[in-house]
Amino acid sequence: MKGLLLIVAVLAFTLLLMFDVWSQMPLYGIFPPVKYDYEYEGDLTIEMVDTQAEVQTMCRVNNPHILACSWQNGKSCLILMVRDEVMRERGYSTGLLLRHERGHCNGWSGAHEGERPLPLGSTYLVPKHERVPSPTAYYKYKSKDPSRIDSRPTTNSTSRYQYQ
Ligand SMILES: [Zn+2]
């Protein structure tokens, strides 16, 4: 009986952990197949827009949920993306969409054959407090009231980063 209770307890704990991971990390196809998942070696342009409506119009796609699209001509590739804040509201990031669109730049078709999911426990999405703070947000904040304390955004003391 004790053995059965222990198994039930371990199973319940495992399910709780899995639920917690699932609630924080959605599983969806995003990565191109390995065959197309590498640096783009042509001339790459990335354009950012403010809204998904703009992406929908410019990409000429009848899908209000679209976040990015791309065009390539064998020598160059243009990726059009909505800004990062909007992507994050939808559970994505610029990095995830860039990797997806880069696959299209490398010849992956729009049918998304062989699309790979974001792995469980992935490091590709982290909470805002674990991300490098944006200098753009800081300077917008400062420009509204120059008398604000002149300190750069901070991150935890073990992080080292440089804006380049
Ligand atoms: Zn795609």
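Residue numbering for the sequence shown follows the numbering used here, starting at -2 and increasing by one per position.
In this text, a Cβ means the ideal position worked out from N, Cα and C, and glycines have one as well.
### Query
Anyone know if the C-beta pair for Lys72 and Gly118 falls short of 8 Å?
Start at 1 with the first residue of the sequence shown, and residue 72 comes out as number 75. Start at 1 with the first residue of the sequence shown, and residue 118 comes out as number 121. Not a contact, by the Cβ cut-off of 8 Å.
### Message
Quick check on this structure: which residue in Cys102, Pro116 and Ile43 has the alpha carbon closest to the alpha carbon of Tyr33?
### Response
If you number the sequence shown from 1, residue 33 lands on position 36. The shortest Cα separation from Tyr33 among Cys102, Pro116 and Ile43 belongs to Cys102.
### Task
Quick one: grab the DSSP three-state call for Ser67.
Counting from one through the sequence shown, the residue named residue 67 turns up at place 70. Three-state DSSP puts Ser67 in a strand.
### Message
Just checking Gly92 against ligand 1 - is the residue's beta carbon closer than 7 Å to any of the ligand's heavy atoms?
### Response
Working through the sequence shown from its first residue, we reach residue 92 at position 95. Incorrect: Gly92 has no Cβ contact closer than 7 Å to ligand 1.
### Query
Among Leu64, Tyr135 and Pro114, which residue has its Cα nearest to the Cα of Ser90?
Counting from one through the sequence shown, the residue named residue 90 turns up at place 93. For Ser90, the nearest C-alpha among the options comes from Leu64.
### Message
Does the distance between the C-beta of His62 and the nearest non-hydrogen atom of ligand 1 fall short of 7 Å?
### Response
Reading the sequence shown from its first residue, position 65 is the one you call residue 62. It does not: the Cβ of His62 is nowhere closer than 7 Å to a heavy atom of ligand 1.
### Task
Tell me where the alpha helix (DSSP H) around Val83 begins and ends.
Sequence index remark: in the sequence shown, residue 83 carries index 86 (1-based). Its alpha helix (DSSP H) spans residues Asp81 to Glu86.
### Query
What are the boundary residues of the beta strand (DSSP E) that includes Gly104?
Along the sequence shown, read from residue 1 onward, the residue named residue 104 stands at position 107. No beta strand (DSSP E) holds Gly104; DSSP gives it neither H nor E.
### Task
Along the alpha helix (DSSP H) that carries Thr54, what are the first and last residues, could you check?
Taking the first residue of the sequence shown as 1, we reach residue 54 at position 57. Gln49 to Cys56 is the extent of the alpha helix (DSSP H) around Thr54.
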